[in-house]
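Asks:
In the numbering used here, the protein residues as written are 1 to 313.
1) Considering only residues of the same chain and omitting the five flanking positions on each side of residue 128, which have a CB-CB separation below 7 Å?
2) In terms of DSSP beta bridges, what is residue 3 paired with?
3) Which value, in whole angstroms, describes the spacing of the CA atoms of residue 99 and residue 126?
4) So the alpha helix (DSSP H) residue 304 belongs to, where does it begin and stop?
5) Look up residue 33 in the DSSP assignment and give the residues it is bridged to.
6) Going by other Cβ atoms of all chains shown within 10 Å of its Cβ, with 16 needed for buried, is residue 119 buried or exposed?
7) Can you tell me the Cα-Cα spacing of residue 117 and residue 10, whole angstroms?
8) What are the boundary residues of the alpha helix (DSSP H) that includes residue 175?
9) Tell me the DSSP secondary structure of residue 115 in three-state form.
10) Does DSSP classify residue 61 as helix, strand or coil?
11) Would the segment 150–159 count as touching the segment 200–213 if we require 3 or more Cβ pairs under 8 Å?
12) Between 189, 193 and 143, which lies nearest to residue 80 when the distance is taken from Cα to Cα?
13) Thinking residue 305 and residue 225 are a contact (beta carbons under 8 Å), I'd like their distance in whole angstroms, please.
14) Would residue 301 be called buried (16 or more neighbouring beta carbons within 10 Å of its own) or exposed?
15) Work out the CA separation of residue 2 and residue 209 for me, nearest whole Å.
16) With burial defined as no fewer than 16 other Cβ atoms inside 10 Å of the residue's Cβ, what is the status of residue 227: buried or exposed?
17) Going by beta-carbon coordinates alone, are residue 159 and residue 313 separated by less than 8 Å?
18) Please report how far the alpha carbon of residue 56 lies from the alpha carbon of residue 14, in whole angstroms.
19) What's the call for residue 187, buried or exposed, on a 16-neighbour Cβ count within 10 Å?
20) Taking the alpha-carbon positions, what's the residue 156 to residue 115 distance?
21) Work out the CA separation of residue 58 and residue 64 for me, nearest whole Å.
22) With a threshold of 16 other CB atoms inside 10 Å of the CB of residue 111, please say whether the residue is buried or exposed.
23) What span of residues does the alpha helix (DSSP H) with residue 297 cover, start to end?
24) Between residue 195 and residue 72, is the Cβ-Cβ spacing less than 8 Å?
25) Express the C-alpha separation of residue 61 and residue 103 in angstroms, rounding to a whole number.
26) What is the residue span of the alpha helix (DSSP H) that residue 218 lies within?
27) Which term fits residue 176, buried or exposed, when burial requires 16 or more other beta carbons within 10 angstroms of its beta carbon?
28) Decide if residue 138 is buried, meaning its Cβ has at least 16 other Cβ atoms within 10 Å, or exposed.
Take a look at the structure:
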């Protein structure tokens, strides 16, 4: 079953500037977001005095949004409007009521900002207002994750801003959080094309599915969260050691074949020259065999994490 993130993106500019989006793209099948607002309004864009570089950035943000939609990295969603919150079940109603409460609480610090006398007071009130707004956004993300699970096939995990995303949400969500924490954070210079090519690679996809299978197994095991965390750390180190030894063996065997061919050609050894083609066939067979063995290495369950870190860390 697909594992999807539910994430709050306020505008198209946030979509291109938020570094966490790229990590989520490595950790989930799809990132479900509200349809973000345009970075600038049509009225602003039509103003003759509007800066050209801002207008260009708006076009770039829109193009990125369309591209990520086409590549199925993100998906926009809208839940059905609920005219009467009291008709929702207990959890959903509580989350919406909590979101409304946080939004109302965030208004008070905003009003106090008008009378603030010092920089420290302004900073403190701004932080308080933003924090409350983030708490409201997080409650809405939890609510939307529940709603999406009722309308779309798959598992949905709310990505929160004010605290660790899945605290107290159950074993599976905790394991997902552990895995997400071990994935790399691609830098701003990492092109989206590289991430999408990585996601679409067949061998990478198989490793991702193996990781999902491991998450499911850990979620249904009797292990505690700490024990699962320790197991993940052990498997990561074990696989890293195994794959490094494996690659050393791979390089050694290839170098031996190349050296044998080189010596034969350099010395004018006719049998070696005649066997040149067969040596290259042997080289290809060696590469295939060694790559096939990678799927049997200890810790192979978390090979995707290792591969992602090598590609983007």
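All C-beta atoms, glycine included, are put in the ideal place defined by N, C-alpha and C.
On a predicted model such as this, the values are computed, not experimentally measured, just so you know.
Replies: Let's see:
1) Along the chain shown, read from residue 1 onward, the residue named residue 128 stands at position 128. Closer than 7 Å at Cβ, skipping near neighbours: 109.
2) Your numbering for residue 3 matches position 3 in the chain shown. Answer by DSSP bridge pairing, in chain order: 155.
3) Position 99 of the chain shown holds residue 99. Position 126 of the chain shown holds residue 126. Near 19 Å, if we compare the C-alpha coordinates of residue 126 and residue 99.
4) Indexing the chain shown from 1 puts residue 304 at position 304. It spans 303–312 - the alpha helix (DSSP H) in which residue 304 sits, taken as one unbroken run.
5) For the purposes of this step, residue 33 is identified with residue 33 of the chain shown, where counting begins at 1. Per the DSSP secondary-structure output, residue 33 pairs in a beta bridge with 7 and 76.
6) The residue you call residue 119 lines up with position 119 of the chain shown. Residue 119 should be labelled exposed.
7) One-based indexing of the chain shown puts residue 117 at position 117. One-based indexing of the chain shown puts residue 10 at position 10. Just so you know, the alpha carbons of residue 117 and residue 10 end up roughly 30 Å apart.
8) As a working mapping, residue 175 is identified with position 175 in the chain shown. Note, residue 175: alpha helix (DSSP H), 171–182.
9) Position 115 of the chain shown, counting from 1, holds the residue named residue 115. Coil, per DSSP.
10) Locating residue 61 in the chain shown gives position 61, where the first residue counts as 1. Residue state, collapsed to three classes: helix.
11) Fewer than three Cβ pairs drawn from the segment 150–159 and the segment 200–213 lie within less than 8 Å of each other, which leaves the two stretches out of contact.
12) Position 80 of the chain shown, counting from 1, holds the residue named residue 80. The shortest CA-to-CA distance from residue 80 to any of 189, 193 and 143 is the one to 143.
13) Position 305 of the chain shown, counting from 1, holds the residue named residue 305. Position 225 of the chain shown, counting from 1, holds the residue named residue 225. That pair is no contact at about 18 Å.
14) Taking the first residue of the chain shown as position 1, residue 301 is located at position 301. Residue 301 is buried by the Cβ-count criterion.
15) Start at 1 with the first residue of the chain shown, and residue 209 comes out as number 209. Start at 1 with the first residue of the chain shown, and residue 2 comes out as number 2. C-alpha of residue 209 to C-alpha of residue 2: approximately 10 Å in a straight line.
16) Walking along the chain shown from the start, residue 227 turns up at place 227. That one is exposed.
17) Locating residue 159 in the chain shown gives position 159, where the first residue counts as 1. Locating residue 313 in the chain shown gives position 313, where the first residue counts as 1. No; because the gap between Cβ atoms is not below 8 Å, this pair is not in contact.
18) Counted from its first residue, the chain shown places residue 56 at position 56. Counted from its first residue, the chain shown places residue 14 at position 14. C-alpha separation (whole angstroms): 15 Å.
19) Counting from 1 along the chain shown, the entry for residue 187 is found at position 187. Result: exposed.
20) Taking the chain shown and counting its residues from 1, the one referred to as residue 156 is at position 156. Taking the chain shown and counting its residues from 1, the one referred to as residue 115 is at position 115. Each residue's Cα considered, the two are about 43 Å apart.
21) Within the chain shown, residue 64 is the residue found at index 64, counting from 1. Within the chain shown, residue 58 is the residue found at index 58, counting from 1. Taking the straight line from one Cα to the other gives about 10 Å.
22) Position 111 of the chain shown holds residue 111. Burial call: exposed.
23) Reading the chain shown from its first residue, position 297 is the one you call residue 297. The continuous stretches of alpha helix (DSSP H) do not include residue 297, and DSSP gives it neither H nor E.
24) Walking along the chain shown from the start, residue 195 turns up at place 195. Walking along the chain shown from the start, residue 72 turns up at place 72. No. Outside cutoff.
25) As a first step, residue 103 is located in the chain shown; it is residue number 103 there, counting from the start. As a first step, residue 61 is located in the chain shown; it is residue number 61 there, counting from the start. Looking at the two C-alpha atoms, the distance is approximately 28 Å.
26) Taking the chain shown and counting its residues from 1, the one referred to as residue 218 is at position 218. Residue 218 -> alpha helix (DSSP H) spans 202–219.
27) Position 176 of the chain shown, counted from the start, is the residue given in the question as residue 176. Buried.
28) To locate residue 138, count along the chain shown from 1; it is residue 138. Buried, since its Cβ has 16 or more Cβ neighbours within 10 Å.
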